[in-house]
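Residue numbers (my numbering): 111 to 475.
A virtual CB, placed ideally from N, CA and C, is assigned to each residue, including glycine.
One structure below.
Next up, the structure:
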């Protein structure tokens with residue numbers, strides 16, 4: 111009889127250990143939150159001790175499927191808290207250098223597409239073809255505005271280096287906007303020529319290298335300086351000829367306020383996309399029925415994932431704008447992605463040619 115009791119006790123302990131191990135596995139896969147895991151563990155242990163909680167209390171805590179929303183008490187994940195904890199100082203003021211023009215952004219792209227060079231090429235070519243179109247159009251428009259706004263008085267103020275005169279600044283800022291757009295076109299051209307002969311198998315390694323990142327960053331510096339100088343130039347082109355009319359000053363200020371609001375509206379989704387690992391093939395959050403999930407619930411789930419990664423792996427390392435992503439974060443987000451069994455056939459449409467034609471045509475016009 112004692113032997114039977116001992117065997118039953120050993121069997122019960124083995125069953126308890128198996129259930130606890132199963133719960134731990136669900137926690138490692140993020141199927142259960144920390145609070146859910148603790149409550150489920152207490153329920154399992156209580157069942158073996160004869161102190162199991164009531165059924166309806168337990169059913170409210172455990173999810174019905176891996177995609178169900180976490181019903182545990184919610185952590186405060188408001189936008190201001192996310193802004194404070196997940197943003198660097200430069201990212202909180204993104205007007206000079208938006209997040210998508212940081213080195214960190216390029217590193218996440220390269221590592222997330224390390225097993226699919228064709229997809230990486232599509233991302234890079236599509237991005238920089240758009241930049242060359244924008245830069246070429248601004249080059250043509252800014253040069254036309256420059257010739258129409260800058261006259262003899264402006265040139266005289268520039269020759270005399272009369273910085274106190276309002277006539278001095280349209281000449282200088284206008285030329286900077288034109289020069290920046292021209293440099294951006296050249297930088298994008300050099301980048302596209304550089305990556306064109308590199309095979310899909312070697313493109314991720316090139317983009318991940320320091321030299322490759324410098325090639326990718328040159329157009330970003332150019333397009334950022336172009337947008338900022340163009341905004342100032344348009345404001346001066348409206349204010350200076352009107353001899354400082356108040357209404358034109360107000361409209362010029364509204365131009366920059368609108369630009370700032372536009373950038374701030376996109377900076378949180380951009381930050382979430384990077385820190386939550388949305389570039390990778392693995393789902394950043396457990397799969398769920400999107401038809402039954404509200405936009406606010408999905409937004410909170412993504413912000414929670416991004417904030418967890420930032421707390422665990424830290425901020426980018428280095429100077430603002432050129433700081434590198436943590437290798438531990440890159441490994442955690444994209445290290446488990448497996449190579450594709452067969453490389454897909456890459457079909458490049460004529461969209462790229464149309465973009466180039468539009469850019470050249472717009473610049474000439």
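Query                                                                                                                                                     : Result
Buried or exposed: residue 222, going by 16 or more other Cβ atoms within 10 Å of its Cβ?                                                                 : buried
Any idea what DSSP makes of residue 427, helix, strand or coil?                                                                                           : strand
Under DSSP, the alpha helix (DSSP H) around residue 316 begins and ends at which residues?                                                                : 313-318
If residue 415 and residue 435 are in contact, beta carbons under 8 Å, what's the gap, nearest whole angstrom?                                            : Not really, about 16 Å apart at Cβ, beyond 8 Å.
Kindly indicate which three-state DSSP category residue 339 falls into: helix, strand or coil?                                                            : helix
Can you say whether residue 324 is buried or exposed, counting buried as having 16 or more other CB atoms within 10 angstroms of its CB?                  : exposed
Quick test of the definition: if touching needs 3 or more C-beta pairs under 8 Å, does the region 281-289 touch the region 334-349?                       : yes
So, does the region 298-312 touch the region 266-273, judging by three or more C-beta pairs under 8 Å?                                                    : no
Whose C-alpha, out of 280, 332, 363, is nearest the C-alpha of residue 248?                                                                               : 332
Can you look up residue 290 in the DSSP assignment and give me helix, strand or coil?                                                                     : helix
Within 10 angstroms of the Cβ of residue 427, are there 16 or more other Cβ atoms? Answer buried if so, exposed if not.                                   : exposed
In angstroms with no decimal places, state the Cα-to-Cα distance between residue 213 and residue 282.                                                     : 30 Å
Across the region 344-354 and the region 250-267, are there enough close Cβ pairs to call them in contact, namely three or more that are closer than 8 Å? : yes
Specify the secondary structure class of residue 434 as computed by DSSP and reduced to three states.                                                     : strand
Less than 8 Å between the CB atoms is what I'm expecting for residue 195 and residue 420, so what's the real figure, rounded?                             : 7 Å
Could you check the C-alpha separation between residue 404 and residue 413 for me, to the nearest Å?                                                      : 14 Å
When DSSP labels each residue in this structure, what does residue 389 get in the three-state scheme?                                                     : coil
How about residue 295 and residue 378: do their beta carbons lie closer than 7 Å?                                                                         : no
Report the rounded CA-to-CA distance for residue 349 versus residue 430, giving the unit in angstroms.                                                    : 33 Å
For residue 453, which three-state DSSP category applies?                                                                                                 : Residue confidence for residue 453 is low, a pLDDT of 44 falling below 50, so the modelled location carries little weight; the figure read from the coordinates is stated next. Of the three classes helix, strand and coil, the one that applies to residue 453 here is coil, per DSSP.
Assign residue 393 to buried or exposed, taking buried as 16 or more other Cβ atoms, counted over all protein chains shown, within 10 Å of its Cβ.        : exposed
Determine whether the beta carbon atoms of residue 390 and residue 423 lie at a separation below 7 Å.                                                     : no
Is the beta carbon of residue 314 less than 7 Å from the beta carbon of residue 406?                                                                      : no
Using a threshold of 7 Å, state whether the C-beta atoms of residue 266 and residue 278 are closer than that.                                             : no
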